[in-house]
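Okay, so here's the structure we're looking at.
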Amino acid sequence: MSLGKCLRSARLRLRLAPMMALQPSSAQSVQKAIAAKPGALSVGIAGQGDGVAWDHFVLNHGKSVFFQRFGWAEIIQSTYGYQPYFLWAKRGVEITGVFPLIFVDSPLTGKALISTAFTVGGGVLANDVSTSAALFEY
Numbered sequence: 265m266s267l268g269k270c271l272r273s274a275r276l277r278l279r280l281a282p283m284m285a286l287q288p289s290s291a292q293s294v295q296k297a298i299a300a301k302p303g304a305l306s307v308g309i310a311g312q313g314d315g316v317a318w319d320h321f322v323l324n325h326g327k328s329v330f331f332q333r334f335g336w337a338e339i340i341q342s343t344y345g346y347q348p349y350f351l352w353a354k355r356g357v358e359i360t361g362v363f364p365l366i367f368v369d370s371p372l373t374g375k376a377l378i379s380t381a382f383t384v385g386g387g388v389l390a391n392d393v394s395t396s397a398a399l400f401e402y
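Okay, so the sequence shown: first residue is 265 according to the working numbering, each after it adds one.
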C-alpha cells in the first residue's frame with residue numbers, strides 16, 4: 265500500500281519529533297502544486313536501492329544526525345517489524361531533502377508515522393524551507 269493511500273485510508277496523524285501532531289494533506293494536490301513551479305521539486309518515496317544516495321546526502325549535510333541514515337530505519341524494521349518510509353525531495357536528480365518515517369502499530373501509540381523512531385533528534389533534513397515544507401505536506 266502506498267504511503268499516501270495508507271494515510272488517507274487509516275486517517276493517521278503524523279507524529280513527528282518532538283511529537284507535533286499534523287494533519288496530512290492530499291499528496292496529489294501537493295504534488296501538482298510543486299510540479300507547477302519552474303525547477304520542479306518532486307517528492308516521493310525512496311526505494312531499497314536508494315540507500316547509498318540517501319546516505320550520501322545525509323552524511324554531507326551539516327545538520328544531520330546518525331538516526332536519519334537509511335540503515336537506521338532498516339534496523340528498526342528488522343528488530344521490531346515496523347515498516348519504514350523514506351520520503352525524499354529532489355530538484356532534477358539532486359536530492360534536496362529527506363524525511364525518514366517509521367509506521368508504528370502499537371497498543372500504546374496506536375497507528376502512527378513517527379520520524380526516527382526510538383531516537384532523540386532527526387526528522388526532516390533539507391537544504392531549504394520550501395523543501396522542508398514539501399516533505400511535511402506530502
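Where a beta carbon is used, it is the ideal one built from N, C-alpha and C, also for glycine.
Only a predicted model underlies this, so the values are computations on that prediction, with no experimental measurement involved.
{"query": "Which whole-angstrom value describes the C-beta separation of Phe363 and Leu399, a residue pair presumed to lie in contact below a C-beta threshold of 8 Å?", "result": "4 Å"}
{"query": "Short check: CB of Leu365 to CB of Ser379, under 7 Å?", "result": "yes"}
{"query": "Look at the alpha carbon of Asn324 and the alpha carbon of Ser394, and state the distance between them as a whole number of angstroms.", "result": "20 Å"}
{"query": "Within the same chain, show all residues whose beta-carbon is closer than 7 Å to that of Gly303, passing over the 5 residues directly before and after it, in chain order.", "result": "Arg355"}
{"query": "Which residues does DSSP pair with Val368 in a beta bridge?", "result": "Ala376"}
{"query": "Give me, in chain order, the residues of the same chain whose beta-carbon lies closer than 7 Å to that of Ser346; leave out the 5 immediate sequence neighbours on both sides.", "result": "Here residue 346 is Tyr; the residue named in the question, Ser, does not match the sequence. The answer, listed in chain order, is Ile340, Ile366, Phe367, Val368 and Ala381."}
{"query": "Which whole-angstrom value describes the C-beta separation of Val316 and Leu351, a residue pair presumed to lie in contact below a C-beta threshold of 8 Å?", "result": "Actually they do not touch by this definition, with Cβ atoms about 17 Å apart."}
{"query": "Cα-Cα, which of Ser328, Ala397, Glu358 and Ile359 is closest to Val384?", "result": "Ser328"}
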